[in-house]
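Q: Numbering (our numbering), first residue to last: 541 to 1483. For glycine and all other residues, C-beta sits at the position ideal for the given N, C-alpha and C. Okay, handing you the structure first.
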Amino acid sequence: MTDVVVVESPAKAKTINKYLGDGYTVLASFGHVRDLPPKDGSVRPDEGFAMSWQSDERGTRQVSAIIKALKGARHLYLATDPDREGEAISWHVRAMLEERNALKGVDVQRVTFNEITKSAIRYAMDHPRELDFPLIEAYLARRALDYLVGFTLSPVLWRKLPGSRSAGRVQSVALRLICEREAEIEVFKPREYWSITASLLTPTNAPFTARLTHLAGRKLDQFDLGNAELAEAAKKAVEAEALSVRSIERRKVRRNPQPPFTTSTLQQEASRKLGMSAQGTMRTAQQLYEGIDLGGETVGLITYMRTDGVTMAQEAIQSIRQHIGRQIGMQYVPEKPRVYTSKAKNAQEAHEAIRPTDITRTPDSVARHLNHDQRRLYELIWKRAMASQMESAALDQVAVDISGPSGQTVLRANGSIITFDGFLKLYREGRDDTDKPADDDSRMLPPMAEKDPLKREKVEADQHFTQPPPRYSEASLVKKMEELGIGRPSTYASILTVLQDRSYVQLENRRFVPEARGRLVTAFLVSFFERYVDTGFTANLEELLDDISAGQAQWKDVLSSFWQDFSKAVADTKDLTITDVLNALDKDLGPFFFPPRADGSDPRHCTSCGTGRLGLKLGRYGAFIGCSNYPECQYTRRLTVDSAEDGENGGTLKDGMRLLGQHPETGEDITVRQGPWGLYVQQGEPDPADKKAKPRRASLPKGMDGQSITLDQAVGLLSLPRLVGIHPETGEPIEAGLGRFGPYVKMGAVYGSLDKDDDVLTVGLNRAVDALAKKLASIRTLGNHPKDSEPVMVRKGRFGPYVQHGQMIATLPRGTDMDDVTLDQAVALLVEKGKPLKGKAGAKKAAPKKKAAAKTTKTAASKTTTDKATTGKASTGKTSAAKTGAAKTSTAKTGTTRAGTKTASRTAAKATTATSAGEGEAKPRARKTAATKPAATRTKKAD
């Protein structure tokens, strides 16, 4: 019998099976085979942090497949990824096999490899080891911490701050960084300063520029020329003197290459250079790691992509140096190999950097086998690895000081020349701040000598203003988190994704902007759980968790120390009132929601009643702004910044709402807004006196941009459906409108779908007739009904053909062709088994009869149960009515029962989703979701 090898993904299993041959059966675990159930009690601190594990259907199925393959096998090789998460997966697989007594007589070994190549796989199989229990304990500690924070802190948020989603150990700290940067930007006051630049000519008339650095014998600081008057005086001082070269300073500079990529530097550089998200970068890197079909041979192109290490195998270094010498030139090969060391404390998991598995597979040679993102990312990794072993670049830097005879006014000109490009021939590092100009290493100065007289062409005074700190991009946020030591590089991608999924932040121009919801959550946590969103505390906790993986700390001791203080902090919020929360939020966010007005008036003054004061309020669905005179004054508005300037001329408000103008007929404001299900336009505002009356709204069709939509387009959307024209054959009117599934055209009871490229506001009659013709091809009109002269039709449906008369339908008997049905047969079918097209009304009418049927076959107790089910007050699945066919039918078809079940399902789904701590911190997500994802896109559980 064959030996069994367990890896994580089917793509990897297929590749490895080719390398190992027929003597091995390679199976995939599809990531984790079990996890903590998403409910209270899965981690029990009072029982020594005991954990309950649960396997879903997929995990059980995969383990059963492994058990089947193990029959007669002598060896089981656990070959999951070479990191903490991979070690945990191997541990889970072995534990489940032991529980099912499937390992009798089987030798279990752990093997790891950093690249999926034939030599690496063979070497790993020849050097197996035991499971690394410090790594497993580090996984258990992180998993327990994330669960406890998510399931303990998130419910506090729901109770005390309605509308919030979840909190997480690292997620909340990352959110705080984004919110604090936004607060810095809001309070930033630009400061004016000026610079003086002179355009000069050498004795040979070669032009260059110089900048004023000294005035009146004193070196200028940034703000010494703080206004136009001072700048003009400095300009005149430069113009008043004859200038000449005072001194020339030359020095040689060497620039060294950066080390090969780690997980975080790859995410940063891919964001800066390729515009790829962290999640997209990791997904693409996983595909390159697991294997690409290169003309019939599946090969892993890069080494493992979750790593903190910057070292490379000696064989890889030698191969790279040889390739540099052959393809670029021996002058680009340094005398000794470059050795890099990681700055990260306890750089764990896969210690080798991300590099190509074979440097001779150049980006050009494999490009035809890769998709767009794979090609770009592989080229980035290949060039960075190559450049890391290339010779340094050499530059000559020149600084020229220029002054007048008095020496009181000094200008400086700088230039640099690349004398040897070195690694810059192949690779240049991207920049964190895309707003800054690119570094110019070849800004040359013309030849000149000391005391050379210079001709002055013009002198310019330029005004500048200091800029606020830039918002975080994905690259700069990842870099900041790594610098602070919070989270781990393999978790950053999922953290950033969760912050967006929770609607705590949004990306604008590739920069993170906090939403009002995110700021509220941050303000709440800072006010009542400041220690647990403190970067220093989180970084220290990360170090303790790293000590566990290094075998230097006991995982239960770390958990116990954390839980003792954390549980007390949560208990202290038990008596926290909504008033306490509102006061804390109002104090922290008041300046944000009510900024000072230019006219000096009170920004909190309620213009509706004239006497009330506006402030933060908490409702069932979250926070909003309301008047202190409630209920007499019922003025409310969403959490927006009260600034009239933002709304003028179609400007963008901070909550995503934009004023387009006024309706040409009613004069009401037309706005475009962001809703839970996408962008929509709205006519007018809700009437506080009539809560049932709602303003007219219309969703934006796909492809229409909320920033570019015009007033005319918005008015057109609000007036839908519109008359397109009269059908040339039937004479019936055709209308165009927007529905749940997109734009459509309608003629009577016949609807035809439009393509996503069709503009519902301008679609013409010919296009509408074509769209309806496709639909009419699936409809056959039999004639008018004998009773009311309305048409009777045969139509194709999802579950087979049916006949329709108005709102009544009846399915055709199985095997009956729709072309064979006559009018008389259709009328008879409608009488015999016709039912309303809208099932809810029919179900409600039938409910009393079915309840009576249940009553005749049940005891009084059964009746009570059935009544509850019928009215939607109890679950339909376990009612005693299921004991008879009649009662079962009643329960299944009762509209209110269905609604009750749906409500219960929503509640359960909300509990599961909300308790998820986002980046995997509590991670009580439904395992069913994870099971549907291919292993190639498996995201590591975040720290």
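Is His572 helix, strand or coil when you go by DSSP?
A: For the purposes of this step, residue 572 is taken as residue 32 along the sequence shown, with counting starting at 1. Residue state, collapsed to three classes: coil.
Q: If you draw a straight line from the C-alpha of Glu794 to the C-alpha of Lys965, how long is it?
A: Here residue 794 refers to the residue found at position 254 of the sequence shown. Here residue 965 refers to the residue found at position 425 of the sequence shown. As written in the sequence, residue 794 is Arg, which differs from the Glu given in the question. C-alpha separation (whole angstroms): 14 Å.
Q: Restricting to runs no shorter than 4 residues, where is the alpha helix (DSSP H) found entirely within the stretch 1266-1339?
A: The qualifying runs are 1305-1316.
Q: With a threshold of 8 Å, are at least 3 pairs of Cβ atoms found where one atom belongs to the stretch 696-713 and the other to the stretch 1064-1079?
A: Touching, per the Cβ criterion.
Q: Taking 8 Å as the cut-off, decide whether the C-beta atoms of Val710 and Ile1088 are in contact.
A: Residue 710 sits at position 170 when you count from the first residue of the sequence shown. Residue 1088 sits at position 548 when you count from the first residue of the sequence shown. Going by C-beta atoms, Val710 is not nearer than 8 Å to Ile1088.
Q: Which residues bound the beta strand (DSSP E) around Leu1039?
A: Working through the sequence shown from its first residue, we reach residue 1039 at position 499. Here Leu1039 belongs to no beta strand (DSSP E); instead the alpha helix (DSSP H) covers Tyr1032 to Asp1041.
Q: If we ignore side chains and look at the alpha-carbon of each, how far apart do Val1367 and Thr1356 end up?
A: Mapped onto the sequence shown, residue 1367 falls at position 827. Mapped onto the sequence shown, residue 1356 falls at position 816. If you take the alpha carbons of Val1367 and Thr1356, they lie about 15 Å apart.
Q: Give a yes or no on whether the minimum CB-CB distance between Ile718 and chain B is below 8 Å.
A: Among the protein chains of the structure shown there is no chain B, as only one such chain exists.
Q: Taking Leu701 as the reference, give the member of Val544, Asp1126, Gln798 and Val1038 with the closest Cα.
A: Here residue 701 refers to the residue found at position 161 when the sequence shown is read from its first residue. Ranking the options by Cα distance to Leu701, first place goes to Asp1126.
Q: Let me know the secondary structure DSSP gives Asn557 once reduced to three states.
A: To locate residue 557, count along the sequence shown from 1; it is residue 17. Asn557 falls in the helix class under three-state DSSP.
Q: Counting Cβ pairs, one atom from each stretch, are 3 or more of them under 8 Å apart for the stretch 1290-1302 and the stretch 1338-1357?
A: No: fewer than three Cβ pairs fall under 8 Å.
Q: Output needed for Asp913: all residues of its chain with C-beta closer than 6 Å, excluding positions within five of it in sequence on either side, in chain order.
A: In the sequence shown, the residue the question calls residue 913 occupies position 373. Excluding sequence neighbours, Asp913 sits near Thr824.
Q: Write down every uninterrupted run of the beta strand (DSSP E) in the stretch 823-903 whose length is 3 residues or greater and which is fully enclosed by it, in chain order.
A: Listed in chain order, nothing qualifies, since the stretch 823-903 has no complete beta strand (DSSP E) run of 3 or more residues.
Q: The alpha helix (DSSP H) spanning Tyr918 covers which residue range?
A: Position 378 of the sequence shown, counted from the start, is the residue given in the question as residue 918. Unbroken alpha helix (DSSP H) run through Tyr918: His912 to Ala927.
Q: Can we say the stretch 766-782 touches the stretch 731-749, given the rule of at least three CB pairs closer than 8 Å?
A: Yes, the stretch 766-782 touches the stretch 731-749.
Q: Would you call Lys876 buried or exposed, if buried means 16 or more other Cβ atoms sit within 10 Å of its Cβ?
A: The residue given as residue 876 occupies position 336 in the sequence shown. Exposed, because fewer than 16 other Cβ atoms sit within 10 Å of the Cβ of Lys876.
Q: Compare the C-alpha of Gly1130 against each of Leu1154, Ala1111, Ala777 and Phe960 and name the closest.
A: Start at 1 with the first residue of the sequence shown, and residue 1130 comes out as number 590. Gly1130 has its Cα closest to that of Leu1154, out of Leu1154, Ala1111, Ala777 and Phe960.
Q: Quick one: what's got a C-beta closer than 7 Å to Arg650's C-beta in the same chain, skipping five residues either side?
A: Working through the sequence shown from its first residue, we reach residue 650 at position 110. Answer for Arg650: Leu618, Ser630, Pro668, Arg669, Glu670 and Leu671, listed in chain order.
Q: Which residues mark the beginning and the end of the alpha helix (DSSP H) in which Gly626 is found?
A: Position 86 of the sequence shown, counted from the first residue, corresponds to residue 626. Per DSSP, Gly626 belongs to the alpha helix (DSSP H) from Arg624 to Glu639.
Q: Whether or not the stretch 1265-1272 and the stretch 1243-1256 are in contact is what I'm after, with contact meaning three or more pairs of Cβ atoms, one per stretch, closer than 8 Å; do they touch?
A: Short answer: they don't touch.
Q: Which residue spans inside the stretch 766-826 form an unbroken alpha helix (DSSP H) run of at least 4?
A: Whole alpha helix (DSSP H) segments, 4+ residues: 768-779 and 803-809.
Q: Between the stretch 990-1005 and the stretch 779-791, do at least 3 Cβ pairs fall closer than 8 Å?
A: Because the criterion of three Cβ pairs below 8 Å is met, the stretch 990-1005 and the stretch 779-791 touch.
Q: Could you spell out where the alpha helix (DSSP H) holding Leu755 opens and where it closes?
A: If you number the sequence shown from 1, residue 755 lands on position 215. Where Leu755 is concerned, there is no enclosing alpha helix (DSSP H), although the beta strand (DSSP E) it sits in stretches over Pro747 to Leu755.
Q: Does the stretch 1015-1022 come into contact with the stretch 806-816, if we say contact requires no fewer than three beta-carbon pairs (one atom in each stretch) closer than 8 Å?
A: Counting Cβ pairs under 8 Å, three or more are found: they touch.
Q: Quick one: what's Cys1167 bridged to in DSSP?
A: Translated into the one-based positions of the sequence shown, residue 1167 becomes position 627. Its beta-bridge partners are Leu1154.
Q: Considering only the alpha carbon of each residue, which of Arg1236, Thr900, Asp1364 and Asn641 lies closest to Ile606?
A: The sequence position of residue 606 within the sequence shown is 66, counting from 1. Ranking Arg1236, Thr900, Asp1364 and Asn641 by Cα distance to Ile606 puts Asn641 first.
Q: Tell me whether Met1354 is buried or exposed, calling it buried when 16 or more other Cβ atoms sit within 10 Å of its Cβ.
A: Along the sequence shown, read from residue 1 onward, the residue named residue 1354 stands at position 814. This sequence places Arg at residue 1354; Met is not what is there. Classification of Arg1354: exposed, given that the 10 Å Cβ count is below 16.
Q: Hey, how far is the Cα of Ala953 from the Cα of Arg751?
A: Residue mapping note: residue 953 aligns to position 413 of the sequence shown, counting from 1. Residue mapping note: residue 751 aligns to position 211 of the sequence shown, counting from 1. Whole-angstrom Cα-Cα distance: 6 Å.
Q: Can you tell me whether DSSP reads Ile606 as helix, strand or coil?
A: In the sequence shown, counting from the first residue as 1, residue 606 sits at position 66. Of the three classes helix, strand and coil, the one that applies to Ile606 here is helix, per DSSP.
Q: Note down, in chain order, each residue of its chain lying with its Cβ closer than 7 Å to the Cβ of Ala628, except the 5 sequence neighbours on either side.
A: Stepping through the sequence shown from its first residue, residue 628 is reached at position 88. Closer than 7 Å at the Cβ level, and outside the excluded window around Ala628, lie Ile676 and Tyr679.
Q: Where does the unbroken alpha helix (DSSP H) through Met930 begin, and where does it stop?
A: Along the sequence shown, one-based indexing puts residue 930 at 390. No alpha helix (DSSP H) contains Met930, which DSSP labels as neither H nor E.
Q: Determine the DSSP secondary structure at Met504, reduced to helix, strand or coil.
A: Residue 504 is absent from the model: the chain starts at 541 and stops at 1483.
Q: So the candidates are Thr1211, Lys1234 and Glu1225; which of them puts its Cα closest to the Cα of Leu1240?
A: Your numbering for residue 1240 matches position 700 in the sequence shown. Cα-wise, what sits closest to Leu1240 is Thr1211.
Q: Opposite Leu693 in the DSSP bridges: which residues?
A: Residue mapping note: residue 693 aligns to position 153 of the sequence shown, counting from 1. DSSP lists no partner for Leu693.
Q: Just checking my contact of Ile957 with Met984 at CB under 8 Å: how many whole Å lie between their CB atoms?
A: Taking the sequence shown and counting its residues from 1, the one referred to as residue 957 is at position 417. Taking the sequence shown and counting its residues from 1, the one referred to as residue 984 is at position 444. Right, the Cβ-Cβ distance comes to about 6 Å (below 8 Å), so this counts as a contact.
Q: According to the neighbour-count rule (16 or more other Cβ atoms, all chains shown, within 10 Å of its Cβ), is Pro1135 buried or exposed?
A: Taking the sequence shown and counting its residues from 1, the one referred to as residue 1135 is at position 595. Burial call: exposed.
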